Amino acid sequence: MTARDARTLAVDTIQRELTAFSRRARGRAAELHPELSLVAYSILDLILDRDGCLATDLAEQFLLDKSTVSRQVSALEKLGYLEREVDPDNRRNHILRATPTGRAVARAAESRRREAFRSRFADWSDADVEAMAGYLVRYNRAE
Numbered sequence: 352m353t354a355r356d357a358r359t360l361a362v363d364t365i366q367r368e369l370t371a372f373s374r375r376a377r378g379r380a381a382e383l384h385p386e387l388s389l390v391a392y393s394i395l396d397l398i399l400d401r402d403g404c405l406a407t408d409l410a411e412q413f414l415l416d417k418s419t420v421s422r423q424v425s426a427l428e429k430l431g432y433l434e435r436e437v438d439p440d441n442r443r444n445h446i447l448r449a450t451p452t453g454r455a456v457a458r459a460a461e462s463r464r465r466e467a468f469r470s471r472f473a474d475w476s477d478a479d480v481e482a483m484a485g486y487l488v489r490y491n492r493a494e
């Protein structure tokens, strides 16, 4: 096998495995919190990470259209996990913030998610886990 063939095979394997990872993550999201889709959980997580943000920030971060973001935000509001406040810098905009209930739900889901990952990596060496983390950061930073 040539180096080019080996690289093509490796890239195909990575694509297939990342697709499988994505499917599994969507399925696990429902297990970790039945009321939150993976998209909704990700939106809540980003809002918490940034201590509030605009819907346009969410659309940009996740490469989603405004209607998808709007549906997810509405669902999170109905659950009592998000609230809107008028942006003091531009009163036409609303800053999305997690409610205390939303923060509690996110913490509980994060704890379950962390435990699921710890379990998955239980038989990996520390060096392998660190290498995987580094590779994922590198992959996700690439444009």
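So the sequence shown is residues 352 to 494, counted in our numbering. Where a beta carbon is used, it is the ideal one built from N, C-alpha and C, also for glycine. Predicted, not measured: the structure shown is a model, and the values here were computed from it.
Practice prompt. Return the CA-CA distance between A457 and A361, expressed in angstroms with no decimal places.
Written response: The sequence position of residue 457 within the sequence shown is 106, counting from 1. The sequence position of residue 361 within the sequence shown is 10, counting from 1. Their Cα atoms are separated by approximately 35 Å.
Fill in: Close beta carbons around V480, own chain, < 7 Å, minus the five adjacent residues each side
Residue numbering aside, residue 480 sits at position 129 when the sequence shown is read from its first letter. In its chain, beyond the 5 residues on either side, F472 have a beta carbon closer than 7 Å to the beta carbon of V480.
Worksheet item: Since L433 is in the beta strand (DSSP E), which residue starts that stretch and which ends it?
Response: Residue numbering aside, residue 433 sits at position 82 when the sequence shown is read from its first letter. Where L433 is concerned, the enclosing beta strand (DSSP E) stretches over 433-437.
Fill in: Straight-line gap, A460 to T353 (C-alpha atoms, nearest Å)
Locating residue 460 in the sequence shown gives position 109, counting from the first residue. Locating residue 353 in the sequence shown gives position 2, counting from the first residue. Roughly 45 Å separates the two Cα atoms.
Worksheet item: What runs of the alpha helix (DSSP H), each 4 residues or longer, lie entirely inside the stretch 450-493?
Response: Runs of the alpha helix (DSSP H) lying entirely within the stretch 450-493, each at least 4 residues long, are 451-471, 477-492 in chain order.
Worksheet item: Is the distance from the Cβ of H445 to the Cβ of R454 below 8 Å?
Response: Counting from 1 along the sequence shown, the entry for residue 445 is found at position 94. Counting from 1 along the sequence shown, the entry for residue 454 is found at position 103. At a Cβ-Cβ threshold of 8 Å, H445 and R454 do not count as neighbours.
Item to complete: Kindly indicate the opening and closing residues of the alpha helix (DSSP H) around D400.
Response: The count along the sequence shown starts at 1 and reaches residue 400 at position 49. That run of the alpha helix (DSSP H) goes 389-400.
Practice prompt. Using alpha carbons as the reference points, say which of R464, S476, V488 lies closest to R375.
Written response: As a first step, residue 375 must be located in the sequence shown, where it is residue number 24. Minimum Cα distance to R375 is reached at R464.
Practice prompt. Compare the beta carbon distance of V424 and L433 with 8 Å and say whether it is the shorter of the two.
Written response: Looking up residue 424 in the sequence shown gives position 73. Looking up residue 433 in the sequence shown gives position 82. Taking a C-beta distance under 8 Å as the contact criterion, V424 and L433 qualify as a contact pair.
Item to complete: Would you give the residue range spanned by the alpha helix (DSSP H) that T419 belongs to?
Response: For this step, residue 419 is matched to residue 68 along the sequence shown. 417-429 is the extent of the alpha helix (DSSP H) around T419.
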